[in-house]
Amino acid sequence: MLSWQRTAFHFQPQKNWMNDPNGPVFYKGWYHLFYQYNPNGAIWGDIVWGHAVSKDLIHWYHLPLAMVADQWYDIMGVWTGSATILSDGKLMMLYTGSTNESVQVQNLAYPADPSDPLLIKWVKYPGNPVLVPPPGIGAKDFRDPTTAWLTSEGKWRIAIGSRINRTGITFVYDTKDFINYELLRGVLHGVPNTGMWECVDFYPVSTTGEHGLDTSHNGPGVKHVVKASMDDDRHDYYAIGTYHEKNVTWVPDNPEIDVGIGIRYDYGLFYASKTFYDQNKKRRVLWGWIGESDSEIADVKKGWASLQGIPRTVALDTKTGSNLLQWPVEEVDSLRLTSKEFEKIELKPGSVMPLDVGSATQLDIVAEFELDKAALEKTAESNVEFSCSSSEGSAERGALGPFGLLVLADDSLSEQTPVYFYIAKGKDGSLKTYFCTDQSRSSEANDVNKSKYGSFVPVLEGEKFSMRVLVDHSIVEGFAQGGRTTITSRVYPTKAIYGAARVFLFNNATGASVTSSLKAWQMNSAFIRPYPDDDDERHSGTEPTHEVRGSKTKYLGNLLTSSLLFLNARNNFL
Amino acid sequence: MKAILFVFPFVLAVAYFPISQCQNLPLIEQTCKQTPYYGLCVTLLKSDPRSKTAGDVQAIALIMVDIIKAKAGGALQHIEKLKQKYPALRVPLSACKDRFNAIIIGDVPQAVEALTKGDPKFAVDAANDAALEADSCERGFSGKSPITQMNKLNHDISIITASIVKTML
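Chains B and A, in that order, are what the protein sequence lines are.
First residue of the first sequence? That's 0 in numbering that gives the first Met the number 0, and the numbers climb one at a time after it.
First residue of the second sequence? That's 0 in numbering that gives the first Met the number 0, and the numbers climb one at a time after it.
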């Protein structure tokens, strides 16, 4: 039921509930993704670790459950954790267990057979738990250990989020063997009134280049990011600052936009995110849990809930120095099929233009926009601070916005999801740009989230307004200005599905024409499926021979399969 | 020996008037103050015998989840009766049946899991969804609902529950 909502190229299990990504790692030629999973239903509960592998972060194979709740120290839940690869290549997994008394403890696990590239079987350290809540900390306020990083003394250091009253904090521990730990004095950092910090992440970013850095990397030309998921408001925040290894502190560059009160990774649905250093391609990759924003009745009917966001590279924005850039991993481009290009389309104020791109439920769109300079200069100032979420969405007409794309729309525009820019002119005459997604008319269903998401996005001198939008049936991900501000939404159209979905350009500004150039690609399916049962292939550790990418014949086979699937789906719909 | 004779009547008196007879007032009232429907919250909890021995907010929250379950079950029974009485409303009534069913098989189990296993935010989600389901049921009648009061009650009980659990975050 509701099968049109399943995505084609985003990671999701075949059925049931998923939440946090766990232990992402590149090991012996394979990318691994573990995840919080309920094997028994489409709601949160009975949580265990699901597992999948991929060669390219896009084409995933489902593997058996990696860990289940079979010990007293994780019987109430095998919760979130992270992987660390040691200098000798050994893989350690630290994760939170909810014990038989619902106490949150940290446990160690490792591969049963380190020579198995698929890491199918896991062993839990017999002496678990390795960490219990420190004195004075609540039994349910101690979870989600990070990947470890090496100190200059040769010890491994991890962070674990917690809280003291309403102050969110992160503890730091040192260990030599992942079994015995020393709680370091104080906390790495804390911010008052932010509540419990879940899924803490801590990693270095280069100030001089876009490449990723190993989690243990430190030295000149490096800043450190502290990230946490706020249990209270269900958003992921990060802040950039300086790490002082000796006295185990981290200081934000700008305390006004500290963790929990400043910048979010994503201004839509995006939580419990976690990065890992991909030593294969020397980049840092970010995973985020994308929940549902429909009602429970739909999840029960369709038998599944949640997606993982498209994996993104994350790096410091060296042009601004004060935010990160996130961008879909380059392997997403391998899904691109046919494209349509549009050059310098002029959109007068109050216009909507259909884009003939063919099928519009699996799209990758890269678009640029320019406003005429005269309009930018002569627009009157406003003293009202704009906000995407409290605005009237794309229906709120300003002099210089909104303008952008309407995705997952139907011909009559009774359903539409605008992804757009809105430029406001402040009191001092300076321009401030906002990037928003408006769900208010995304569906005729009345039990789905209809709010507007978005935030301010820095636009530097000489830059055009640019966005990249990935559309995949029931998920829309927008990336503005090269990934300075991103928005993920779940949308559930009832009409704009399958062959009836359309995409439009629009300009609802009152005082400016907009010129747009864009390219839109049809996106192939990633054919995410169970790893083939053939024992020989599994033991050899090679890819299944019928892998669907690479050579031309495989591409054509791919195209044929996706066309057949599309036609089949259309028939079902009709 | 004399001491026992002296103490014995007191022991009897204490046994005859158990301390648990005093309602768990401060906890109930303090908890209900954090919800938008104080009166309803207090009434519901006071009329549930389990609240007398509830030791913390988590216990109160679990009682509220059980009340959601009971009221949703009652709603299902009532809807079945109404289907006979108002054949013209069969379509929205069937939709309502699905909604209350989702509350019982989805929201309630998730809330109980989240509270007992120690990640209460999922119980907030579940309780908020239960309110949404009741609202959606009501909207299906386009103004001519025979169960407005019932839907409002289910909605309010769910909102009370979500507010209570939110204080645990």
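Ideal placement from N, C-alpha and C gives every residue a C-beta, glycine not left out.
All values derive from a computational prediction rather than experimental measurement.
Query                                                                                                                          : Result
Closest residue to residue 104 (chain B) among B:138, B:48 and B:81 (Cα-Cα distance)                                           : B:138
Closest by C-alpha distance to residue 274 (chain B), when choosing among B:287, B:522 and B:329                               : B:287
Any chain A beta carbon closer than 8 Å to residue 361 (chain B)                                                               : no
Residue 220 (chain B) to residue 320 (chain B) span [Cα, whole Å]                                                              : 12 Å
Exposure label - residue 51 (chain B); buried when at least 16 CB within 10 Å                                                  : buried
Every unbroken alpha helix (DSSP H) inside the segment 286-368 of chain B [4 residues or more]                                 : 295-301
Own chain, CB closer than 8 Å to residue 597 (chain B), minus 5 neighbours either side, in chain order                         : Coverage of chain B is limited to positions 0 through 573, which leaves residue 597 (chain B) absent and any answer about it impossible.
Three or more C-beta pairs below 8 Å linking the segment 344-353 of chain B and the segment 501-521 of chain B                 : yes
Residue range of the alpha helix (DSSP H) that includes residue 91 (chain A)                                                   : 89-101
CA nearest to the CA of residue 65 (chain B), picked from B:77, B:133 and B:98                                                 : B:77
Length of the line joining the Cα atoms of residue 139 (chain A) and residue 442 (chain B)                                     : 16 Å
Inter-stretch contact at 8 Å, needing at least 3 Cβ pairs: the segment 315-329 of chain B / the segment 289-304 of chain B     : no
Own chain partners of residue 546 (chain B) with C-beta closer than 7 Å, once the 5 adjacent residues on each side are dropped : Because the pLDDT at residue 546 (chain B) is just 38, under 50, the model does not fix this residue reliably, and the value given afterwards should be weighed accordingly. Same-chain partners within the cutoff: there are none.
Chain-ordered residues of the segment 94-106 of chain B with a beta carbon less than 7 Å from chain A                          : 97, 101 and 103
Rounded distance between the beta-carbons of residue 514 (chain B) and residue 344 (chain B), thought under 8 Å                : 7 Å
Cβ neighbour criterion (16 or more within 10 Å) applied to residue 132 (chain A)                                               : buried
Within 8 Å, strictly: CB atoms of residue 224 (chain B) and residue 204 (chain B)                                              : yes
Distance between residue 408 (chain B) and residue 75 (chain A) (C-alpha atoms, nearest Å)                                     : 36 Å
Members of the segment 41-57 of chain B that neighbour chain A once the beta carbon cut-off is set at 7 Å                      : 42, 43 and 44
Near-chain A residues of the segment 286-297 of chain B (beta-carbon distance less than 9 Å), N- to C-terminal order           : 290, 294, 295, 296 and 297
Entirely enclosed beta strand (DSSP E) segments - the segment 384-422 of chain B, minimum 3 residues                           : 399-408
Alpha carbon of residue 85 (chain B) to alpha carbon of residue 184 (chain B), nearest angstrom                                : 25 Å
Beta-carbon proximity check, residue 198 (chain B) vs residue 272 (chain B), cutoff 8 Å                                        : yes
Residue span of the beta strand (DSSP E) that contains residue 433 (chain B), given as start and end                           : 430-437
Within chain A, the residues that residue 76 (chain B) reaches when beta carbons sit closer than 7 Å                           : 116
Opening and closing residue of the beta strand (DSSP E) in which residue 107 (chain B) lies                                    : 103-110
Beta-carbon proximity check, residue 126 (chain A) vs residue 164 (chain A), cutoff 8 Å                                        : yes
Inter-stretch contact at 8 Å, needing at least 3 Cβ pairs: the segment 463-473 of chain B / the segment 446-453 of chain B     : no
Same chain, Cβ closer than 8 Å to residue 63 (chain B), neighbours up to 5 away in sequence not counted                        : 50 and 119
Rounded straight-line distance, which links the Cα of residue 297 (chain B) to that of residue 40 (chain B)                    : 13 Å
Identity of the residue in A:103, A:70, A:118 and A:108 nearest residue 156 (chain A) by Cα                                    : A:70
CB-CB length for residue 114 (chain A) against residue 60 (chain A), believed under 8 Å                                        : 6 Å
Secondary structure of residue 269 (chain B), DSSP reduced to three states                                                     : coil
Interface flag, residue 54 (chain A) vs chain B, CB-CB below 8 Å                                                               : no
Amino acids of chain B, ordered along the chain, whose beta-carbon sits closer than 7 Å to that of residue 132 (chain A)       : 294, 295 and 296
Test item: CB-CB of residue 196 (chain B) and residue 163 (chain B) under 8 Å                                                  : no
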